[in-house]
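2 protein chains.
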Amino acid sequence: MSKDPINTAKQRRRSDQVTLSQVAQMAGVSPITASRALNYPDKVSDSARHSVLEAVESLGYVPNLVAGSLASSRSRLIAVIVPSLINSVFVEVIKGLQETLEAEGYQILLGNTDYDLDREYQLVRTFLGWSCSALVTAGLRHNSACHTLLANWDHPIMEVMELGQGMDLNVGLDHVAAGRCMANHLFDQGYRHIVYVGARLAHDYRAGMRYEGHKEVLQAKGIEAPLVELDTLGSLQAGADSLAKVLAKYPQAQAIHFANDDLAAGALLAAQRQGLNVPGDIAIAGFNGLPLGQHVTPQLTTILSPREEMGRLAAKELIRRLSGKNVYRRQHDVGFTLQIGGST
Amino acid sequence: MSKDPINTAKQRRRSDQVTLSQVAQMAGVSPITASRALNYPDKVSDSARHSVLEAVESLGYVPNLVAGSLASSRSRLIAVIVPSLINSVFVEVIKGLQETLEAEGYQILLGNTDYDLDREYQLVRTFLGWSCSALVTAGLRHNSACHTLLANWDHPIMEVMELGQGMDLNVGLDHVAAGRCMANHLFDQGYRHIVYVGARLAHDYRAGMRYEGHKEVLQAKGIEAPLVELDTLGSLQAGADSLAKVLAKYPQAQAIHFANDDLAAGALLAAQRQGLNVPGDIAIAGFNGLPLGQHVTPQLTTILSPREEMGRLAAKELIRRLSGKNVYRRQHDVGFTLQIGGST
DNA sequence: AAAACGAATGGTAGCGCTATCATGACAGCG
DNA sequence: CGCTGTCATGATAGCGCTACCATTCGTTTT
């Protein structure tokens, strides 16, 4: 029991990884100075910095970021949680985030919820365990466990896509207003029988918000606002398939307001194949402003949302916050633009 | 100097984070037992496991994965490096990877090189610093620093998209063969003046490989294989713009073999707008098998590449390797399918 | 000249977890 | 009965890095 366990020296170093101590030794400085030379270059003398960098180069040192994060409880990881990767909208937001964040030395930890809030909660738990510097998530809705967890988290939280009272920072656009905008346009064009077509609105609830705006406008004008809900995710195919279905159910329909451009373009191309005239026989409108809409004939009337811009702005605000600067506006409205094509 | 620094006790705990020790204390077991209860549930007694899980729940414990990774030098992070997020092809591969990896409890660290191999090297360095469990990268080409770094790394490396002699594991398809396949198809359809149109082939070198296959076939038949290279990335717009350019330069052109479906569909839609008959005036072929190709009229002749499948397969092979199982085949050819539409 | 200060550097002690070995209890066996 | 083996648990010692404080030394201030 009182034996001196002198030979119990445990060898745990599993890999032959070069450590900062070795770099420091070679450079003839202490480990902490080597650490500073790499992380706060202007806190050490020119000569120290130089010899450390030289040692790094010649040993092929790769910093162990896991150890660094544990010691400093800062990770330079940003968690990004999106509901889908099929929908190119989220990918463009990620792209905007990424180009801005990578330039500042942050890395993205990507999670996909498949529109499932419980899955979101699981991902958030995991990501908090990585001491992420910040978290970006699509949307303002979370389950209650997730909400509690995030409310007690002391790092920036950025909720993107939609606009509203968020937990912390928020960059997005007003989907109800977008729905209103398109409904007004369709009304102004003289359409009176307008069908809204969306896919899985319980999950893609932002499309549901656009429908709310749409319905509000039309009902205020004393017009019905029928809704057709598809049970597949939005795609060209789903849009094409929905066209016949909508026309069968609402033969008097003059215009269809689709929840997004994939659906709308699918329907427009299907109409073309079927010899239907757009907008003569049926007008078609979408949402997002995907490039495809500008290449079909007639061009698709849609609402352009600044997706990459949203990602970039969100990233910039996060970076401001992370570098300790005050953030004046916690909420940013990136707006949207009605883009009128020949399809309405 | 010899003063007993009894009061120097340093307080470093910055956050009020719940630690495993607190969980263990509440559960009435040692920290290591608590650790085992969470990581190897069948290595502890039912009662211990139960009380630990109860304590976790009631304290709202979130495991510190950074500390765990440092101690175990395993991270359950998978680095994924792609050249672009605009090109939906890579996104689909990521999607396939993600759905498979997340199900096994791995997280994705995403990096984007913008087709720059030096950027790839930087990303690889950073990711190795996170002790990733494995690395997935698009393509077999790397700069020499990156190659050296990876060659000395003792974790699985998965190179996807193309097929060939890789560093470790490889899942992809033969792009030269794909180019040959389409060239043969066009020849068989009777076209003799065929132009290949690609974008930034020095960066998107896989498109260049397809051109090599294309050229090989045509030259073997004694036909010229003119190349038009665009200096923007592939997009509908670039495809549309290129059509006039190609026809001006090669008035005798009967068919255009585009490097991808974005370009091809853009050209097809532009032809339609300009009243050109496809394939009567000009035949059009693409590569990838994007859904859009099936919705335009005429349907686009293309080569279908199994992108999500590629991601899923890559993920499965990685998981096999990571769970210690032998991997019989280091190389997987996912193949491709010629999809003949009306556009040729 | 003494005191005060700032810049560069280093010693020490962790960050929160897990690998490793040690221990004690109990079962099976000749 | 001792010997070995298995199981559940725990004590200890790190993983590789950085926060925190202390020290040194040259310079400025009073």
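Chains as they are written, first to last, in our numbering: chain A, 2 to 345; chain B, 2 to 345.
Note that CB positions come from ideal geometry on N, CA and C, so glycine has one too.
From a predicted model like this one, the values you see are computed outputs, not experimental measurements.
If you look at N40 (chain A), you'll find it isn't in any beta strand (DSSP E); it sits in the alpha helix (DSSP H) that goes 32 to 40.
Secondary structure within the region 147 to 217 of chain B: the beta strand (DSSP E) runs of 3 or more consecutive residues, fully enclosed, are 158 to 163, 170 to 174, 195 to 200 (chain order). If you draw a straight line from the Cα of L129 (chain A) to the Cα of H194 (chain B), it is about 59 Å long. A Cβ of chain A is located within less than 8 Å of the beta carbon of V92 (chain B). DSSP assignment within the region 107 to 149 of chain B yields the following whole beta strand (DSSP E) runs of 3 residues or more, N-terminal first: 108 to 113, 135 to 139.
Think of a sphere of 8 Å around the beta carbon of H148 (chain B): no beta carbon from chain A falls inside it, the nearest being about 13 Å out. Among the residues of the region 269 to 290 of chain B, those with a Cβ less than 7 Å away from any Cβ of chain A are L270, Q273, R274, in the order of the chain.
For K96 (chain B), the nearest CB of chain A lies under 8 Å from its own CB, placing it at the interface with that chain. Against chain B, the beta carbon of T298 (chain A) has neighbours under 8 Å at L270, Q273, R274, listed in chain order.
Sequence-distant Cβ neighbours of G223 (chain A) in its own chain, meaning closer than 7 Å and more than five residues away, do not exist here. In the three-state scheme derived from DSSP, where H, G and I count as helix and E and B as strand, T101 (chain B) is classed as helix.
Contact of A241 (chain B) with chain A by beta-carbon distance below 7 Å involves H296.
The three-state reading of DSSP puts L78 (chain A) in strand, counting E and B together. Boundaries of the alpha helix (DSSP H) harbouring Q295 (chain A): 293 to 296, taken from the DSSP string. Residues of the region 48 to 66 of chain A whose Cβ lies closer than 7 Å to any Cβ of chain B, in chain order: V63, P64, N65, L66. Per the Cβ contact rule, the region 34 to 52 of chain B is not in contact with the region 94 to 107 of chain B (fewer than 3 Cβ pairs under 8 Å). A241 (chain A) places its beta carbon less than 8 Å from that of A268 (chain A). When secondary structure is reduced to three states using DSSP, I320 (chain A) falls in the helix class. Spatial neighbours of N171 (chain B) in its own chain (CB-CB distance under 6 Å, excluding positions within 5 residues in sequence) are listed in chain order as E160, Q332.
S76 (chain B) is a Cβ neighbour of W131 (chain B), given a cutoff of 8 Å. By DSSP's assignment, D334 (chain A) forms a beta bridge with A:G173. When DSSP states are grouped into helix, strand and coil, Q238 (chain B) belongs to the helix group. The shortest C-alpha to C-alpha distance from Q220 (chain B) to any of B:E230, B:G180, B:L231 is the one to B:G180.
Burial state of I33 (chain A) is exposed, judged by a 10 Å Cβ sphere holding fewer than 16 other Cβ atoms. Secondary structure of F259 (chain B) (DSSP, three-state): strand. Burial check for D282 (chain A): the Cβ neighbour count within 10 Å stays below 16, so the residue is exposed. In terms of beta-carbon proximity, L21 (chain B) stays away from the interface with chain A, with every pair separated by 8 Å or more. Chain B places a beta carbon closer than 8 Å to that of R126 (chain A), counting this residue as a contact. With distances taken between CA atoms, V198 (chain A) lies nearest to A:Y212 out of A:R274, A:D189, A:H204, A:Y212.
The straight-line gap separating the alpha-carbon atoms of T345 (chain A) and I87 (chain A) is approximately 27 Å. For L110 (chain B), the residues of chain A that pass the 9 Å Cβ criterion are L78, Q108, I109, L110, L111, in the order they occur in the chain.
In the structure shown, A284 (chain B) adopts extended strand secondary structure according to DSSP, grouped into three states. Against chain A, the CB of Q190 (chain B) has no partner CB under 8 Å away; the residue lies outside that interface. DSSP places L231 (chain A) within a strand segment (E or B) once states are collapsed to three.
Taking 8 Å as the threshold, the shortest C-beta distance from Q238 (chain A) to chain B falls below it. Ranked by how close their Cα comes to the Cα of R274 (chain A), the residues B:H296, B:L187, B:D263, B:V19 have B:H296 in first place.
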